[in-house]
Amino acid sequence: MGIGGVSSGVLAFFSTDIFTDIPGPIPSADAAGTEPAGASVAVQAATATPGGIVHLVVAGTGFVGALAGIAVLTQWLRRYPPLRRTSRAATVCAGVGAVGLVSLGLSIRFFPAVLGLAERVALAGILGWAFSVSAGIRSLSRTR
54 MGIGGVSSGV LAFFSTDIFT DIPGPIPSAD AAGTEPAGAS VAVQAATATP GGIVHLVVAG
114 TGFVGALAGI AVLTQWLRRY PPLRRTSRAA TVCAGVGAVG LVSLGLSIRF FPAVLGLAER
174 VALAGILGWA FSVSAGIRSL SRTR
């Protein structure tokens, strides 16, 4: 079992407890105490529970491990003539996974509100790669 399998097993026990706090206007009374004269706070902060931090670290490690394996195997597909056509779809899916992984890293730090979307893009790339390569390998068995 690879790092992706271990990561998936560990993630079953740690939820994504990531909270995004987007404070709105902070009301305060003016000198006469009649009207609120609020200042809008546009700071977006993310907090995580210890379980959420474990989830992020393990998921990130799993994504990096999966994409490293995908990169190596995609290079091999390019050099194996019967699967050369499959390598094109695999390369596109690997690119989608890489964009998702970079987005995941950026969203954790700068855009926590889109964390779930970034994770889904990375998963779509990884699963798309697995599907396209599986279909290519299956087509080999039909042609023989």
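Using the numbering used here, read the sequence shown as starting at 54 and increasing by one per residue.
All C-beta atoms, glycine included, are put in the ideal place defined by N, C-alpha and C.
### Environment of S187 [buried if 16+ CB atoms lie within 10 Å]
By one-based count along the sequence shown, residue 187 stands at place 134. Classification of S187: exposed, given that the 10 Å Cβ count is below 16.
### Same chain only: Cβ atoms within 8 angstroms of T127, ignoring 5 sequence neighbours per side
Position 74 of the sequence shown holds residue 127. Taken in chain order, the residues that qualify are S140, A143, T144, A147 and W182.
#### Entry: Rounded distance between the beta-carbons of A112 and G150, thought under 8 angstroms
For the purposes of this step, residue 150 is taken as the residue at position 97 of the sequence shown. For the purposes of this step, residue 112 is taken as the residue at position 59 of the sequence shown. Contact doesn't hold; Cβ gap of about 13 angstroms is too wide.
### Range covered by the alpha helix (DSSP H) that runs through T139
What you label residue 139 is simply residue 86 of the sequence shown in a count that begins at 1. DSSP places T139 in the uninterrupted alpha helix (DSSP H) bounded by R137 to R162.
#### Entry: Under the three-state DSSP convention, the category T127 falls into
Along the sequence shown, read from residue 1 onward, the residue named residue 127 stands at position 74. Assignment of T127 by DSSP, reduced to helix, strand and coil, places it in the helix class.
### Task
Could you check what DSSP says for T114 in three-state terms: helix, strand or coil?
The residue labelled residue 114 in the question sits at position 61 within the sequence shown. If DSSP states are grouped into helix, strand and coil, T114 belongs with the helices.
### Query
Is it right to say P103 is buried, meaning 16 or more other beta carbons lie within 10 angstroms of its own, or is it exposed?
Taking the first residue of the sequence shown as position 1, residue 103 is located at position 50. Its Cβ having fewer than 16 others within 10 Å, P103 is exposed.
### Task
Might you give, ordered along the chain, the residues of its own chain that have their beta carbon closer than 7 angstroms to the beta carbon of I161, omitting 5 neighbours on each side?
Within the sequence shown, the letter at position 108 stands for residue 161. Within the same chain, I161 has close Cβ partners L109 and L168.
### Query
Among residues of its own chain, excluding the 5 on either side of A124, which ones have a beta-carbon nearer than 7 angstroms to its beta-carbon?
Counting from one through the sequence shown, the residue named residue 124 turns up at place 71. Excluding sequence neighbours, A124 sits near A147.
### Query
Apart from the five residues just before and just after E46, which ones in its own chain have a Cβ nearer than 8 angstroms to its Cβ?
A question about residue 46 goes unanswered here, because the residues of the chain that appear run from 54 up to 197.
### Task
Using a threshold of 8 angstroms, state whether the C-beta atoms of P135 and L193 are closer than that.
Working through the sequence shown from its first residue, we reach residue 135 at position 82. Working through the sequence shown from its first residue, we reach residue 193 at position 140. Judged by beta-carbon spacing, L193 lies within the 8 angstroms limit of P135, meaning their Cβ atoms are closer than that value.
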